[in-house]
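J.: Okay, here's the structure, questions in a sec.
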Amino acid sequence: MQGHGRCFKLFLAFALLLLQNVKGGEVGRSDNDANATGTCLERERQALLAFKRGLVDEYNSLSSWSSESHKQDCCRWIGVSCNNQTGHVIQLDLEDYLSKGKMISPKLIELQHLQHLDLGYIDFNGSQIPDSVGSLTNLRYLDLSSCNFGGQIPSQIGNLTQLQYLHLGGNQFNVENLNWLPGLSSLTNLDLWHVNLSNIFDWLEAVNKLPKLRHLDLRDCSLPPPPPRIHSTPFSNINSSTSLTHLNLRDNHLTSSIFLWLSNYTTASLVDLNLSENNLTGLIPDVIGNMSSLVNLVLSDNQIEGGNPNSFARLCSLQFLEIPGNRLSGQLSKFVQLLPTCAQNSLETLDLSHNDLAGSLTNLTTLSSLQILSLNNNQLTGRIPESIGQMSQLEHIDFGMNSLEGVVSETHFSHLHKLSSLDLSSNSLVLNFPADWVPPFQLDTIFLSSCKMGPHFPKWLQTQNDCLALDISDAEISDILPSWFWSMFCNSIFINLSNNQIRGIFANLTTVNFAIFPEVYLSSNQIQGPIPSTLLQASYLDLSNNNISGSLSFLCASATSLTFLNLSSNSVSGELPDCWNKLENLVMLDLSNNAFSGKIPMTMGSLFKIETLKLRNNSFAGELPSSLKNYTSLEVIDLGNNKLSGPIPTWLGVSFKNLVILMLFFNNFNGSMPPQLCHLVHIQILDFSMNNISGSIPKCLNNLIALSQKGNSSLTSTHYYRKENDKMVFPGNSYEDDATFIWKGRMSTYKSILGLVKRIDLSSNRLTGEIPSEITHLVELVSLNLSRNQLTGQITPEIGKLQSLDSLDLSRNRISGRIPTSLARIDRLAVLDLSYNNLSGQIPIGTQLQSFDRSVYAENPQLCGAPLLKMCADPSEYSNTEDTDELITLGFYISMALGFAAGFWGVCFTLIFKRSWRYEYFKFLNGLNDWLYVRVALIKRQLKDMLN
Numbered sequence: 001m002q003g004h005g006r007c008f009k010l011f012l013a014f015a016l017l018l019l020q021n022v023k024g025g026e027v028g029r030s031d032n033d034a035n036a037t038g039t040c041l042e043r044e045r046q047a048l049l050a051f052k053r054g055l056v057d058e059y060n061s062l063s064s065w066s067s068e069s070h071k072q073d074c075c076r077w078i079g080v081s082c083n084n085q086t087g088h089v090i091q092l093d094l095e096d097y098l099s100k101g102k103m104i105s106p107k108l109i110e111l112q113h114l115q116h117l118d119l120g121y122i123d124f125n126g127s128q129i130p131d132s133v134g135s136l137t138n139l140r141y142l143d144l145s146s147c148n149f150g151g152q153i154p155s156q157i158g159n160l161t162q163l164q165y166l167h168l169g170g171n172q173f174n175v176e177n178l179n180w181l182p183g184l185s186s187l188t189n190l191d192l193w194h195v196n197l198s199n200i201f202d203w204l205e206a207v208n209k210l211p212k213l214r215h216l217d218l219r220d221c222s223l224p225p226p227p228p229r230i231h232s233t234p235f236s237n238i239n240s241s242t243s244l245t246h247l248n249l250r251d252n253h254l255t256s257s258i259f260l261w262l263s264n265y266t267t268a269s270l271v272d273l274n275l276s277e278n279n280l281t282g283l284i285p286d287v288i289g290n291m292s293s294l295v296n297l298v299l300s301d302n303q304i305e306g307g308n309p310n311s312f313a314r315l316c317s318l319q320f321l322e323i324p325g326n327r328l329s330g331q332l333s334k335f336v337q338l339l340p341t342c343a344q345n346s347l348e349t350l351d352l353s354h355n356d357l358a359g360s361l362t363n364l365t366t367l368s369s370l371q372i373l374s375l376n377n378n379q380l381t382g383r384i385p386e387s388i389g390q391m392s393q394l395e396h397i398d399f400g401m402n403s404l405e406g407v408v409s410e411t412h413f414s415h416l417h418k419l420s421s422l423d424l425s426s427n428s429l430v431l432n433f434p435a436d437w438v439p440p441f442q443l444d445t446i447f448l449s450s451c452k453m454g455p456h457f458p459k460w461l462q463t464q465n466d467c468l469a470l471d472i473s474d475a476e477i478s479d480i481l482p483s484w485f486w487s488m489f490c491n492s493i494f495i496n497l498s499n500n501q502i503r504g505i506f507a508n509l510t511t512v513n514f515a516i517f518p519e520v521y522l523s524s525n526q527i528q529g530p531i532p533s534t535l536l537q538a539s540y541l542d543l544s545n546n547n548i549s550g551s552l553s554f555l556c557a558s559a560t561s562l563t564f565l566n567l568s569s570n571s572v573s574g575e576l577p578d579c580w581n582k583l584e585n586l587v588m589l590d591l592s593n594n595a596f597s598g599k600i601p602m603t604m605g606s607l608f609k610i611e612t613l614k615l616r617n618n619s620f621a622g623e624l625p626s627s628l629k630n631y632t633s634l635e636v637i638d639l640g641n642n643k644l645s646g647p648i649p650t651w652l653g654v655s656f657k658n659l660v661i662l663m664l665f666f667n668n669f670n671g672s673m674p675p676q677l678c679h680l681v682h683i684q685i686l687d688f689s690m691n692n693i694s695g696s697i698p699k700c701l702n703n704l705i706a707l708s709q710k711g712n713s714s715l716t717s718t719h720y721y722r723k724e725n726d727k728m729v730f731p732g733n734s735y736e737d738d739a740t741f742i743w744k745g746r747m748s749t750y751k752s753i754l755g756l757v758k759r760i761d762l763s764s765n766r767l768t769g770e771i772p773s774e775i776t777h778l779v780e781l782v783s784l785n786l787s788r789n790q791l792t793g794q795i796t797p798e799i800g801k802l803q804s805l806d807s808l809d810l811s812r813n814r815i816s817g818r819i820p821t822s823l824a825r826i827d828r829l830a831v832l833d834l835s836y837n838n839l840s841g842q843i844p845i846g847t848q849l850q851s852f853d854r855s856v857y858a859e860n861p862q863l864c865g866a867p868l869l870k871m872c873a874d875p876s877e878y879s880n881t882e883d884t885d886e887l888i889t890l891g892f893y894i895s896m897a898l899g900f901a902a903g904f905w906g907v908c909f910t911l912i913f914k915r916s917w918r919y920e921y922f923k924f925l926n927g928l929n930d931w932l933y934v935r936v937a938l939i940k941r942q943l944k945d946m947l948n
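If you count the sequence shown from 1, position 633 lands on 633 in the UniProt record's numbering, and the numbers rise without skipping.
As structure tokens, this is what we get:
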């Protein structure tokens with residue numbers, strides 16, 4: 001019997017093979033009319049060649065696609081796969097070979113047996129997906145992601161009933177509906193990330209009609225919250241998928257109502273859930289705790305306030321729990337108690353950073369598989385428990401930006417052999433290790449800023465061979481930098497030793513070659529001597545606040561990838577070198593507070609990418625070189641306190657279209673203020689004080705949009721830039737501007753709120769004429785200083801429009817007339833100086849102007865009234881000379897009379913002609929009369945009883 005069985009199986013296999021050959025022969029015969037060549041069909045080869053003409057093959061990647069005789073077998077072309085028996089093209093995958101295209105050729109429809117089409121990341125420059133794609137009915141896999149397609153998603157795609165994978169994300173579609181989506185009955189993977197679906201309110205209904213869906217990615221789609229009717233729809237009436245395993249709805253406008261929809265999957269197989277960057281509020285609901293198959297849960301950057309005992313109850317498979325950037329509060333220990341005990345051996349990532357959790361660090365040793373523990377930016381206090389040293393699987397610890405205190409010893413790391421990242425920065429910790437301590441770990445990143453490690457340089461750092469990032473700033477180290485340091489950390493991309501008292505930093509730098517352009521922070525130490533050219537290998541270099549001397553000749557040693565250079569507050573001297581064309585990647589340059597002299601060289605105009613230029617507090621002389629007009633990206637320029645001269649160039653207002661801060665104070669600039677300055681629509685700080693500028697103030701100041709239009713100003717002035725050969729993202733890819741100027745009588749530096757400081761300072765010049773009324777359009781102005789000029793005329797009556805004004809100085813001019821009463825209505829005004837003018841009349845009465853010291857109004861002989869000791873002799877003398885902006889005017893009385901007449905007769909006529917209203921009115925009066933009579937009688941009775 002066994003022999004007969006084997007014979008039958010052999011016969012069956014032979015029959016199947018014969019049937020396949022017969023079928024292939026039939027297909028071959030049916031395609032003889034198409035002139036099949038080898039294994040490639042002529043019709044499909046021509047279709048591919050037509051398709052190629054719609055592509056841009058910059059690097060000749062499709063050289064094999066040719067009509068030449070030895071390249072006619074299209075099945076051998078790159079990116080093309082064919083059926084081995086029929087020769088039909090079944091797969092076209094060009095994602096890794098091309099970057100640009102013009103259009104998808106309609107000839108693609110000839111590939112009727114195509115099952116797999118992948119054109120991802122080919123830029124089609126806004127063209128549309130042709131409707132003919134919907135005719136490729138054998139497609140199982142379609143990837144047109146990140147192709148820069150525009151227009152509509154063709155509804156014909158809904159005809160692809162065999163399609164299992166659809167990826168259209170990263171395009172610029174104008175989506176009006178998803179009516180085509182339910183037709184994809186075989187779909188298991190749907191990815192529409194970054195496709196604008198903000199107007200698709202029924203997106204959930206469309207998704208619910210895909211019975212086989214397993215992966216759904218709708219990241220960054222501006223999805224609106226589901227309408228209430230979705231929540232009331234019985235799920236038993238919807239052909240919804242119960243096999244969904246991966247759901248990514250990150251970065252949308254969803255609210256906590258989405259949890260009602262998710263309740264359909266509580267008993268299903270959801271493995272990965274990402275709802276980060278939405279508008280979720282309240283507590284984590286029980287529906288999450290019922291998703292027993294859940295492995296990854298990401299709820300970051302919402303407004304979640306906490307959990308309840310059932311929030312994670314059945315998550316026994318949970319490996320990754322990420323809830324950073326929310327409003328979690330209360331004790332950390334109580335939140336940890338909410339975690340399911342059944343997941344103690346599976347949980348690998350716990351990220352609760354950027355919340356409001358308080359209390360001390362709890363014992364987490366029960367989480368035996370934990371690899372990543374991130375609790376930074378909370379309100380944790382107390383000591384770090386030594387038990388953390390027993391968590392042998394830990395790879396990443398981040399406790400930064402808390403209020404932890406106490407001593408950290410080698411016991412805290414005794415069994416952390418796998419630790420690769422450590423962040424204890426911005427706490428009040430003391431790191432106390434033996435001098436010969438050899439850590440059990442090799443760290444990639446070390447962030448220990450503000451931890452007390454000194455006074456000696458920590459020797460254990462010598463054992464860390466592969467450290468990419470090191471931050472031991474503000475660590476109270478007062479020592480000579482060890483000779484081994486630079487050779488040990490030459491492969492690092494981030495080094496921060498700032499705010500210490502380290503000496504000898506340049507000693508062993510001359511022979512070091514950095515592997516990757518590092519970011520080097522060495523500010524506020526005790527560095528002396530000239531700068532070695534080795535540091536030109538850095539991409540970010542901060543040497544500010546040291547004792548560095550010598551010149552900048554090291555900049556001419558070689559071309560550099562330097563993007564940020566801060567040498568401020570040192571003793572560098574001499575003229576600037578004329579080789580700035582070698583620093584073409586420079587974004588920020590700060591040479592302020594040094595001893596430079598001479599002219600600004602013309603080659604500085606080759607810094608085409610520069611965004612911040614600070615040369616203040618030096619001895620630069622001469623005129624501004626015209627080559628600076630090349631700074632089209634410039635946002636901040638501070639040339640104050642030098643010896644620069646000549647007129648203010650007109651190109652300042654033409655070339656610097658992005659300028660936010662312009663400071664030319666304390667120089668020798670002369671001439672008038674060019675009207676082109678009014679083109680600086682983004683300007684927030686304009687300081688020309690202490691120069692020799694003459695002429696009048698331009699009347700076009702209302703064109704300064706950033707100062708004249710209300711808006712939400714950012715607190716800081718932040719610049720973002722890209723480094724050459726960037727491999728990791730660390731602090732230093734951005735920087736924040738600061739600005740130093742006289743504010744409220746003293747020199748102040750602003751950084752954390754610089755974006756809110758909006759000021760104009762034209763003081764100590766030779767300006768003449770009147771203060772233009774257009775200046776009152778600058779409603780965002782916080783400080784205005786026009787003092788020490790020769791301005792005449794009156795203070796504009798509309799000065800009260802400047803409601804944001806905190807400081808106003810018009811002293812030492814020749815301004816005459818009365819003080820406008822509208823000035824008393826600026827509630828925020830904290831600093832005022834009108835002294836040494838020719839003002840007259842009574843100081844407007846109001847709590848604001850009377851609260852200032854008398855010196856504010858000094859040397860205005862004809863001024864009277866509080867707070868001055870000189871009282872006005874006859875108040876009626878000023879009654880006929882009120883400002884035109886007074887509230888009580890003739891028009892006010894006329895309007896009041898007309899309003900009274902209209903209201904009175906309106907009521908009377910209604911009562912005369914409307915019987916029902918008249919009846920109700922008199923009924924109300926009678927009732928009111930009775931009520932008053934009773935109340936008066938009761939009160940008299942009570943008074944009589946009290947007297948008796």
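By construction, the Cβ of each residue, glycine as well, lies at the ideal position given by its N, Cα and C atoms.
A quick note: this is a predicted structure, and the numbers were derived from the prediction, not measured.
Check for me: the alpha helix (DSSP H) holding Ala706 runs from which residue to which?
T.: As a position in the sequence shown, residue 706 is number 706, starting the count at 1. Note, Ala706: alpha helix (DSSP H), Ile705 to Ser708.
J.: Expressed to the nearest angstrom, what Euclidean distance is found between the alpha-carbon atoms of Asn35 and Gln46?
T.: Working through the sequence shown from its first residue, we reach residue 35 at position 35. Working through the sequence shown from its first residue, we reach residue 46 at position 46. Because the pLDDT of Asn35 is 35, which lies under 50, any placement of that residue in the model is unreliable, and the number read from its coordinates should be weighed accordingly. Roughly 11 Å separates the two Cα atoms.
J.: For the candidate residues Ile505, Asp466, Ser473 and Gln501, whose alpha-carbon lies nearest to that of Asn491?
T.: For the purposes of this step, residue 491 is taken as residue 491 along the sequence shown, with counting starting at 1. Per the Cα distances, Asp466.
J.: Taking Cβ positions only, does Leu142 come closer than 8 Å to chain C?
T.: Checking the listed chains, one finds no chain C in this structure; it contains a single protein chain.
J.: Kindly list the residues whose CB is nearer than 7 Å to the CB of Lys212, restricted to its own chain and excluding five residues on each side of it in sequence; keep chain order.
T.: Taking the sequence shown and counting its residues from 1, one reaches residue 212 at position 212. Cβ within range, chain order: Ser186, Leu187, Thr188, Ser241 and Ser243.
J.: Of the choices Cys74, Phe669 and Lys629, whose alpha-carbon is the least far from that of Gly646?
T.: For the purposes of this step, residue 646 is taken as residue 646 along the sequence shown, with counting starting at 1. Measuring from the Cα of Gly646, the nearest candidate turns out to be Phe669.
J.: Helix, strand or coil, according to DSSP, for Pro182 in the structure here?
T.: By 1-based counting over the sequence shown, the position of residue 182 is 182. Residue state, collapsed to three classes: helix.
J.: Would you call Asp423 buried or exposed, if buried means 16 or more other Cβ atoms sit within 10 Å of its Cβ?
T.: Looking up residue 423 in the sequence shown gives position 423. Buried, because 16 or more other Cβ atoms sit within 10 Å of the Cβ of Asp423.
J.: Taking the C-alpha atoms as reference points, what is the distance between Leu18 and Asn138?
T.: The residue labelled residue 18 in the question sits at position 18 within the sequence shown. The residue labelled residue 138 in the question sits at position 138 within the sequence shown. Legend: pLDDT at Leu18 = 38, less than 50; position of this residue unreliable, value from coordinates given subsequently. Cα-Cα distance, rounded: 25 Å.
J.: For Leu481 and Ser498, what's the separation of their Cα atoms in angstroms?
T.: Counted from its first residue, the sequence shown places residue 481 at position 481. Counted from its first residue, the sequence shown places residue 498 at position 498. Answer to the nearest angstrom: the Cα atoms are 12 Å apart.
J.: Please state if the CB of Lys452 and the CB of Val430 are separated by a distance shorter than 8 Å.
T.: What you label residue 430 is simply residue 430 of the sequence shown in a count that begins at 1. What you label residue 452 is simply residue 452 of the sequence shown in a count that begins at 1. The answer is yes: Cβ separation under 8 Å.
J.: Look up Cys556 in the DSSP assignment and say whether it is helix, strand or coil.
T.: Along the sequence shown, read from residue 1 onward, the residue named residue 556 stands at position 556. DSSP places Cys556 in helix when its eight states are reduced to three.
J.: Just to check my reading of the structure: Ile502 and Asp471 have Cβ atoms closer than 8 Å, yes? What is that Cβ distance to the nearest angstrom?
T.: Along the sequence shown, read from residue 1 onward, the residue named residue 502 stands at position 502. Along the sequence shown, read from residue 1 onward, the residue named residue 471 stands at position 471. With a Cβ gap of about 14 Å, Ile502 and Asp471 do not count as contacting.
J.: When we look at the beta-carbon of Asp96 and count the other beta-carbons within 10 Å, is it buried (16 or more) or exposed?
T.: Counting from 1 along the sequence shown, the entry for residue 96 is found at position 96. Looking at its Cβ environment, which holds fewer than 16 other Cβ atoms inside 10 Å, Asp96 is exposed.
J.: Who pairs with Pro647 in a beta bridge, going by DSSP?
T.: The sequence position of residue 647 within the sequence shown is 647, counting from 1. Paired residue(s): Asn670.
J.: Ser807: which of Lys801, Lys744, Ala866 and Asp853 sits nearest, CA to CA?
T.: To locate residue 807, count along the sequence shown from 1; it is residue 807. The shortest C-alpha separation from Ser807 is found at Lys744.
J.: From His88 to Lys209, what distance separates their C-alpha atoms?
T.: Mapped onto the sequence shown, residue 88 falls at position 88. Mapped onto the sequence shown, residue 209 falls at position 209. Their backbone Cα atoms lie some 33 Å apart in a straight line.
J.: Alpha carbon to alpha carbon, what distance is there between Asn545 and Pro675?
T.: Numbered from its first residue, the sequence shown carries residue 675 at position 675. Numbered from its first residue, the sequence shown carries residue 545 at position 545. Approximately 38 Å, taken between the alpha carbons.
J.: Within the same chain, show all residues whose beta-carbon is closer than 7 Å to that of Ser487, passing over the 5 residues directly before and after it, in chain order.
T.: Walking along the sequence shown from the start, residue 487 turns up at place 487. For Ser487, where only same-chain residues beyond five positions count, the Cβ hits under 7 Å are Val512.
J.: Just how far apart, CA to CA, sit Ser811 and Ala739?
T.: Within the sequence shown, residue 811 is the residue found at index 811, counting from 1. Within the sequence shown, residue 739 is the residue found at index 739, counting from 1. Taking the straight line joining both Cα atoms gives about 25 Å.
J.: Can you check DSSP and say which residues form a bridge with Tyr720?
T.: By 1-based counting over the sequence shown, the position of residue 720 is 720. Paired residue(s): Ser734.
J.: How is Gln790 classed by DSSP in three states: helix, strand or coil?
T.: Stepping through the sequence shown from its first residue, residue 790 is reached at position 790. Reduced to three states, the DSSP call for Gln790 is strand.
J.: Go ahead and pull the three-state DSSP assignment for Thr821.
T.: Reading the sequence shown from its first residue, position 821 is the one you call residue 821. Helix.
J.: Just checking, does the segment 344-352 make contact with the segment 316-325 on the three C-beta pairs under 8 Å criterion?
T.: The answer is yes - the segment 316-325 touches the segment 344-352, with three or more Cβ pairs under 8 Å.
J.: Where Tyr121 and Ser145 are concerned, what is the direct C-alpha to C-alpha distance, given to the nearest angstrom?
T.: Looking up residue 121 in the sequence shown gives position 121. Looking up residue 145 in the sequence shown gives position 145. Roughly 6 Å separates the two Cα atoms.
J.: Tell me, which residues are paired with Ser66 by DSSP?
T.: Taking the first residue of the sequence shown as position 1, residue 66 is located at position 66. Ser66 is not bridged to any residue.
J.: Kindly indicate which residue of Gly289, Glu305 and Ser392 has the alpha-carbon position closest to the one of Thr341.
T.: Walking along the sequence shown from the start, residue 341 turns up at place 341. The shortest Cα separation from Thr341 among Gly289, Glu305 and Ser392 belongs to Gly289.
J.: If I measure Cβ to Cβ from Leu275 and keep anything under 6 Å in the same chain, skipping five residues before and after, which residues do I get?
T.: Position 275 of the sequence shown, counted from the start, is the residue given in the question as residue 275. Excluding residues within five positions, the ones whose Cβ falls inside 6 Å are Leu249 and Leu299.
J.: Out of Asn496, Ile323, Asn296 and Ile505, which has the shortest C-alpha to C-alpha gap to Ser483?
T.: Walking along the sequence shown from the start, residue 483 turns up at place 483. When only C-alpha atoms are compared, the closest one is Ile505.
J.: Helix or strand or just coil, what does DSSP make of Thr188?
T.: Counting from one through the sequence shown, the residue named residue 188 turns up at place 188. Reduced to three states, the DSSP call for Thr188 is coil.
J.: Pick helix, strand or coil for Tyr165, following the three-state DSSP scheme.
T.: Position 165 of the sequence shown, counted from the first residue, corresponds to residue 165. Note: Tyr165 maps to strand in three-state DSSP.
J.: Out of curiosity, what's the CA-to-CA distance linking Leu868 and Asp809?
T.: By one-based count along the sequence shown, residue 868 stands at place 868. By one-based count along the sequence shown, residue 809 stands at place 809. Distance between the alpha carbons of Leu868 and Asp809: 18 Å.
J.: Taking the straight line between their C-alpha atoms, what separation do you get for Ser421 and Ile388?
T.: The residue given as residue 421 occupies position 421 in the sequence shown. The residue given as residue 388 occupies position 388 in the sequence shown. Going from the Cα of Ser421 to the Cα of Ile388 covers about 14 Å.
J.: Compare the beta carbon distance of Leu677 and Leu639 with 8 Å and say whether it is the shorter of the two.
T.: Taking the sequence shown and counting its residues from 1, the one referred to as residue 677 is at position 677. Taking the sequence shown and counting its residues from 1, the one referred to as residue 639 is at position 639. No, they are not a contact pair.
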